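Only one structure is covered here, and it is reproduced in the block below.
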Amino acid sequence: EAGVVQSPRYKIIEKKQPVAFWCNPISGHNTLYWYLQNLGQGPELLIRYENEEAVDDSQLPKDRFSAERLKGVDSTLKIQPAELGDSAVYLCASSYVPTDTQYFGPGTRLTVL
Amino acid sequence: AQSVTQLGSHVSVSEGALVLLRCNYSSSVPPYLFWYVQYPNQGLQLLLKYTTGATLVKGINGFEAEFKKSETSFHLTKPSAHMSDAAEYFCAVSGNFNKFYFGSGTKLNVKP
Chain A
247 EAGVVQSPRY
257 KIIEKKQPVA
267 FWCNPISGHN
277 TLYWYLQNLG
287 QGPELLIRYE
297 NEEAVDDSQL
307 PKDRFSAERL
317 KGVDSTLKIQ
327 PAELGDSAVY
337 LCASSYVPTD
347 TQYFGPGTRL
357 TVL
Chain B
649 AQSVTQLGSH
659 VSVSEGALVL
669 LRCNYSSSVP
679 PYLFWYVQYP
689 NQGLQLLLKY
699 TTGATLVKGI
709 NGFEAEFKKS
719 ETSFHLTKPS
729 AHMSDAAEYF
739 CAVSGNFNKF
749 YFGSGTKLNV
759 KP
């Protein structure tokens, strides 16, 4: 069984540039999470999807971050424009239902110069 | 609201020694508790979880944790450390599975 796939694995951009991250969850998993992990910290939830509906986006900085999960399968997280403080690892996770185990992807390491 | 405190950002043990990673939580509702492991450049992997029932939970790779409500703790242990256990470990709490709160992590170093 394939795990959670994320791309790219690494991204380096100049500040004020846009950037997008892609996540393909495990097949059949209805719940999808995007987390932000700063250096030396644990993951922090940005947004949670149930199928195609964003059921919790309270921690997503909506002035510059956006996300979508069309057709309730793969998802894209976008930052526009990126700031220096956005340098971090962006993790995607999925589960069959919210009460089930979350499976994490390897993450995208973003560096903003 | 829920929160997690992991005592010790770095723990170093010798191979074959006891591993003890500490986790204390705060929760206004009965908690669900988790331990995850993260190897370099990889995502988090679930080691074990406590939801209800038996307070001593056994996980993968010989790890176990005990839920102690009176101490609001969920410490992770392993009787004998192996070199392959070197990684970063995260404790997490959830009140209703809608949101997970992670600790800041403990990096485990295993000396030969």
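If you read the protein sequences in the order shown, they are chains A and B. The numbering used here applies: residue 247 is where the first sequence begins, and numbers increase by one. The numbering used here applies: residue 649 is where the second sequence begins, and numbers increase by one. Built from N, CA and C at the ideal position, the CB exists for glycine as well. Everything numeric in this text was worked out from a predicted model, so none of it was measured.
Boundaries (first-last residue) of the beta strand (DSSP E) holding residue i
i: F722 of chain B; result: 721-726
i: Y281 of chain A; result: 277-283
i: K261 of chain A; result: That residue, K261 of chain A, is in no beta strand (DSSP E); it is neither H nor E in DSSP.
i: Y342 of chain A; result: Careful: Y342 of chain A lies outside any beta strand (DSSP E) and carries neither H nor E.
i: D302 of chain A; result: 299-302
Bridge-paired residues (DSSP) for residue i
i: L756 of chain B; result: B:V659, B:A735
i: E311 of chain A; result: Strictly speaking, residue 311 of chain A in this sequence is Phe, with Glu absent from that position. Paired residues: A:I325.
i: N270 of chain A; result: A:V251
i: I293 of chain A; result: A:W280
i: V705 of chain B; result: B:A713
i: L668 of chain B; result: B:T725
i: F745 of chain B; result: In DSSP, F745 of chain B forms no bridge with anything.
i: T653 of chain B; result: B:N672
i: K317 of chain A; result: For K317 of chain A, which the question treats as bridged, DSSP gives no partner whatsoever.
i: T228 of chain A; result: Any answer about residue 228 of chain A is impossible in this case: the structure gives chain A only from 247 up to 359.
i: L337 of chain A; result: A:Y281
Jot down the residue ranges of each uninterrupted beta strand (DSSP E) in the segment 673-701 of chain B, minimum 3 residues, whole runs only, in chain order.
The DSSP assignment places 680-686, 692-698 as complete runs of the beta strand (DSSP E) inside the segment 673-701 of chain B, in order along the chain (cut-off: 3 residues).
Quick one: which residues of the segment 684-697 of chain B get their C-beta closer than 9 Å to a C-beta of chain A? List them in chain order.
Y684, Q686, N689, Q690, G691, L692, Q693, L694, K697
Inter-stretch contact (C-beta, 8 Å, three-pair minimum) for the segment 280-288 of chain A and the segment 314-334 of chain A:
yes
Would you call the segment 654-663 of chain B and the segment 703-711 of chain B touching, i.e. three or more CB-CB distances under 8 Å?
no
Could you name the residues of the segment 271-303 of chain A whose beta carbon sits closer than 9 Å to any beta carbon of chain B, in the order they occur along the chain?
Under the 9 Å Cβ criterion, the segment 271-303 of chain A contributes Y279, Y281, Q283, G286, Q287, G288, P289, E290, L291, R294, V301, D302.
Could you check whether the segment 662-677 of chain B touches the segment 270-279 of chain A, counting it as contact only if at least three pairs of C-beta atoms, one from each stretch, sit closer than 8 Å?
Touching, no.
Could you say if the segment 291-301 of chain A and the segment 674-689 of chain B meet the contact criterion of at least three C-beta pairs nearer than 8 Å?
The answer is no - the segment 674-689 of chain B does not touch the segment 291-301 of chain A, with fewer than three Cβ pairs under 8 Å.
Contact between the segment 752-760 of chain B and the segment 724-737 of chain B is defined here as three or more beta-carbon pairs at a separation below 8 Å; is this criterion met?
Contact between the segment 752-760 of chain B and the segment 724-737 of chain B is present, because at least three Cβ pairs lie under 8 Å.
Could you name the residues of the segment 699-710 of chain B whose beta carbon sits closer than 7 Å to any beta carbon of chain A, in the order they occur along the chain?
none
Mind listing which residues of the segment 726-747 of chain B have their C-beta closer than 7 Å to chain A's C-betas, in chain order?
Identification of residues in the segment 726-747 of chain B having a C-beta nearer than 7 Å to some C-beta of chain A yields F738, F745, N746, K747, given in sequence order.
Closer than 9 Å, Cβ to any Cβ of chain B: which residues of the segment 318-339 of chain A, in chain order?
L337, C338, A339
Report the residues of the segment 344-358 of chain A with a CB closer than 9 Å to any CB of chain B, ordered along the chain.
P344, T345, D346, T347, Q348, Y349, F350, G351, P352, G353, R355
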